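Numbering (full-length UniProt numbering), first residue to last: 1 to 327. Cβ atoms here follow ideal geometry from the backbone N, Cα and C, with glycine treated the same way. In this text the structure is predicted, and so the values were computed from the model without any measurement. This report concerns only the one structure given below.
Below you can see the structure in the form of structure tokens.
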């Protein structure tokens, strides 16, 4: 049975003169647009492109409806597949043209969702889809807070990436530190403010990324910090940093932030990640904060999963952000 007193996530943009303000969806409506982005060329392995459909099959729409939300529209972004004639291997940025195409389409869909007053729920695909999500969000929110759940920092650039996989460059593009960035995407807004960006779950960083995090003063809660401080302290601090003085918080959730024992179906697993309850507790706190204006969940890889375990967990985490509680 729906509990109308449960805090819910989401925001609607309203105009007051030239200013934009985020108003919680719970104040007057509960509408969600599901944006599926079946793109996997920017990842380390094949299979992430199957993630959006796997999440739906695992019961996502049923959970959305059970929480009292109305699915205003369901969009499947038309994504390019691997070209038949692959050019000479390029390590700096593989499939750059394809990533740019997808980013522009995702930007348009996210922007349209916000104009309609609905909550954008983006399903990846690999984490490069976040470039388009950030482009669409920053076009509407001048002061966007971001909480980035990930084992990796995704701060590599074309000149520093060791693999050329662009799912590891998505935040560099969002911050404007890579050659390909939000300024190359039609309809995008300004870059993400590093002082309003928070990492949670980091444990596999390249040397360049470590230097960048320190140089930009980004607040990063590694697994060491979570072990030492506990998730309650970490998520409360993250909400303060990303939610104070901003139009709201975007949650970007890479499933590899979880321990592989919890989420085996990811392309780049790293031992020692978040537990089931740590992840759910963080999502529940975000829902209670009523600051969340959008979410994306990425890197579910059904080819590597076991009995749809990772997809079901992803559905559960989305439900927690949207207000589902134990009691």
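Contiguous alpha helix (DSSP H) elements confined to the region 220-295 occur at 223-229, 231-243 and 276-289, taking only those with 4 or more residues.
The beta carbon of residue 216 sits closer than 6 Å to the beta carbons of 194 from its chain, once the five residues preceding and following it are set aside; these are given in chain order.
Checking the DSSP bridge columns, you'll see residue 120 partnered with 33.
Beta bridge pairing from DSSP links residue 197 with 146.
A distance below 9 Å separates the beta carbons of residue 67 and residue 322. Taking residue 319 as the centre and dropping the five residues before and after it, the same chain places the C-beta of 63 and 67 closer than 7 Å to its C-beta, in chain order. Note that the region 130-144 touches the region 103-110; at least 3 beta-carbon pairs, one per stretch, sit closer than 8 Å. Assignment of residue 74 by DSSP, reduced to helix, strand and coil, places it in the strand class.
Rounded to the nearest whole angstrom, the C-alpha separation of residue 31 and residue 294 is 12 Å.
The region 221-231 makes no contact with the region 117-124; the number of CB pairs closer than 8 Å stays below 3.
Membership of residue 309 in the alpha helix (DSSP H) is indicated by the continuous run 309-321. Counting only runs of 3+ residues, the beta strand (DSSP E) found wholly inside the region 152-204 occupies 197-202, in chain order. As the crow flies, the alpha-carbon of residue 75 is around 16 Å from that of residue 101.
Beta-carbon to beta-carbon, residue 50 and residue 38 are separated by about 7 Å, close enough to satisfy the 8 Å threshold. For residue 238 and residue 178, the gap between their C-alpha atoms comes out near 25 Å. Residue 192 has its alpha-carbon roughly 12 Å from the corresponding atom of residue 183. DSSP lists 254 as the bridge partner or partners of residue 298. With a cut-off of 8 Å on Cβ pairs, the region 229-237 is not in contact with the region 302-313, counting fewer than three such pairs.
From the listed residues 151, 310 and 278, the smallest Cα separation to residue 270 is found for 151. Annotation for residue 198: 147, 219, 238, 241 and 242 place their beta carbon closer than 6 Å to its own, counting only its chain and skipping 5 residues before and after. Apart from sequence neighbours up to five positions away, the residues of its chain that approach residue 141 with a beta-carbon distance below 6 Å are 247, ordered along the chain.
The C-alpha of residue 81 lies about 44 Å from the C-alpha of residue 327.
Put simply, the backbone Cα of residue 41 is about 18 Å away from that of residue 172.
Here residue 326 carries a coil assignment [DSSP, helix/strand/coil]. The alpha carbon of residue 283 has as its nearest neighbour, out of 127, 253, 311 and 310, the alpha carbon of 253. Where residue 46 is concerned, there is no enclosing alpha helix (DSSP H), because DSSP gives it neither an H nor an E. Excluding the 5 residues flanking it on each side, residue 235 has same chain C-beta neighbours closer than 8 Å at 200, 281, 282, 285 and 286, in chain order. For residue 189, the closest of 149, 180, 135 and 167 by C-alpha to C-alpha distance is 135.
Around the beta carbon of residue 268, 16 or more other beta carbons sit within 10 angstroms, so the residue counts as buried.
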